[in-house]
Amino acid sequence: KHDSSPMEQLTQKVLRSYQETCQLGSEELQLRRWDTFSREEICTYQRQARPPGKMWQRCAGRLTEAIQLVVEFAKRLPGFLELCQNDQIVLLKAGALEVVLVQMCRAFNGENRTVFFEGKYASAELFRALGCHEFISSIFDFAQSLCALHCSESEVAFLCALVLVNANRRWLQDQLQVARLQGQLEVAFRLLLRRTQREELLPRLPPQARLRALCSQHLEQLQAFLRLHPGLLPSAFPPLYRELFT
Amino acid sequence: LKEKHKILHRLLQDSSS
Numbered sequence: 002k003h004d005s006s007p008m009e010q011l012t013q014k015v016l017r018s019y020q021e022t023c024q025l026g027s028e029e030l031q032l033r034r035w036d037t038f039s040r041e042e043i044c045t046y047q048r049q050a051r052p053p054g055k056m057w058q059r060c061a062g063r064l065t066e067a068i069q070l071v072v073e074f075a076k077r078l079p080g081f082l083e084l085c086q087n088d089q090i091v092l093l094k095a096g097a098l099e100v101v102l103v104q105m106c107r108a109f110n111g112e113n114r115t116v117f118f119e120g121k122y123a124s125a126e127l128f129r130a131l132g133c134h135e136f137i138s139s140i141f142d143f144a145q146s147l148c149a150l151h152c153s154e155s156e157v158a159f160l161c162a163l164v165l166v167n168a169n170r171r172w173l174q175d176q177l178q179v180a181r182l183q184g185q186l187e188v189a190f191r192l193l194l195r196r197t198q199r200e201e202l203l204p205r206l207p208p209q210a211r212l213r214a215l216c217s218q219h220l221e222q223l224q225a226f227l228r229l230h231p232g233l234l235p236s237a238f239p240p241l242y243r244e245l246f247t
Numbered sequence: 902l903k904e905k906h907k908i909l910h911r912l913l914q915d916s917s918s
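The listed protein sequences correspond, in order, to chains A and B. Mapped onto my numbering, the consecutive letters of the first sequence carry residue numbers 2 to 247. Mapped onto my numbering, the consecutive letters of the second sequence carry residue numbers 902 to 918.
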């Protein structure tokens, strides 16, 4: 009886969309959470990343792969492809990186501040060659704060869906339709939290502004990097990354 | 917007992925 309710069906679809488009399963990520890069491996990484932009290119590549999966997640979300094409693009352009940042909490070990990157867990030190240590620290801080909430897979799935389906994004054509979908997702999320006795999660979630600030910082850092290395574009970064961020 | 985001638009249209 419970399973047949429309909201329960929506919950199952959101979770399935999310699981079908995850790069790595949470069990595998948990099993490998102490498999960290050694000091020597970090040095090798930093040597390899020495030519200007090598590490930026590498990270942009990984980020683009993650964003492609966010697009697939969006396509599987109930109601998303029924939105007009303009609004699908607006929501993804504004929200794809935010979704990746939320998903990062699954691949983050808060006990030693490392994140899963190219096969192992890496400390912020590995990303030093990017030349934006403060920004990387802010991302790690965000992941740590989300990690501390110990979200279930269903909760992360809804957080991602609600980051994406946000009727407050600028340039939406049919704001009402996006708001309707957002409302349905919010109701299903609240029902899930009530059922699992996790209602305390909502007030503890990081504010939306924090995600927005991280995305703005990413753009600022990218622009600063491009100013320093004007010859690198257009070939250095994946086409989708360029389309979204430059 | 579609013109400016051809890759994103194509990914959204691609039903095989």
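In this text, a Cβ means the ideal position worked out from N, Cα and C, and glycines have one as well.
- prompt: TRP35 of chain A: buried (16+ other C-beta within 10 angstroms of its C-beta) or exposed?
  reply: Label assigned to TRP35 of chain A: exposed.
query: Is ALA237 of chain A closer than 8 Å to GLY62 of chain A when the C-beta atoms are compared?
result: no
- prompt: Leaving out the 5 sequence neighbours to the left and right, which residues in its chain are closer than 7 Å to ARG205 of chain A when beta-carbon positions are compared?
  reply: LEU150
field: Beta-carbon proximity of VAL179 of chain A to LEU84 of chain A, cut-off 8 Å
entry: yes
message: Suppose you measure from the CA of LEU25 of chain A to the CA of LEU32 of chain A; what does that come to, to the nearest Å?
response: 11 Å
message: For THR45 of chain A, count the other beta carbons within 10 Å of its own beta carbon; 16 or more makes it buried, fewer makes it exposed. Which is it?
response: So THR45 of chain A ends up on the exposed side.
- request: Would you grab the beta carbon distance between GLN145 of chain A and PHE109 of chain A for me? Rounded to a whole angstrom, and I think it's under 8 Å.
  value: 7 Å
- prompt: Excluding sequence positions up to five away, which residues of its chain have a Cβ less than 8 Å from the Cβ of ILE140 of chain A?
  reply: LEU102, MET105, LEU215
Whole-Å CB distance - THR15 of chain A paired with ALA162 of chain A, under 8 Å assumed: Sequence check: residue 15 of chain A is Val here, not Thr. Between VAL15 of chain A and ALA162 of chain A a beta carbon distance of about 5 Å is seen, short of the 8 Å cut, so the two are scored as contacting.
query: Which residues, taken in chain order from the stretch 83–104 of chain A, show a beta carbon closer than 8 Å to some beta carbon of chain B?
result: GLN86, ASN87, GLN89, ILE90, VAL91, LEU93, LYS94
field: Exposure of HIS134 of chain A, with buried meaning 16 or more beta-carbon neighbours within 10 Å
entry: HIS134 of chain A comes out exposed.
field: Complete runs of the alpha helix (DSSP H) confined to the stretch 65–117 of chain A [at least 4 residues]
entry: If we require 4 residues or more, the alpha helix (DSSP H) runs fully inside the stretch 65–117 of chain A come out as 86–104.
Boundaries (first-last residue) of the alpha helix (DSSP H) holding ALA210 of chain A: Residues 209–229.
- request: In angstroms with no decimal places, state the Cα-to-Cα distance between PHE81 of chain A and VAL157 of chain A.
  value: 18 Å
message: Using only CA atoms, which one of A:CYS152, A:SER153, A:ALA67, A:ILE90 lies nearest to PHE118 of chain A?
response: A:ALA67
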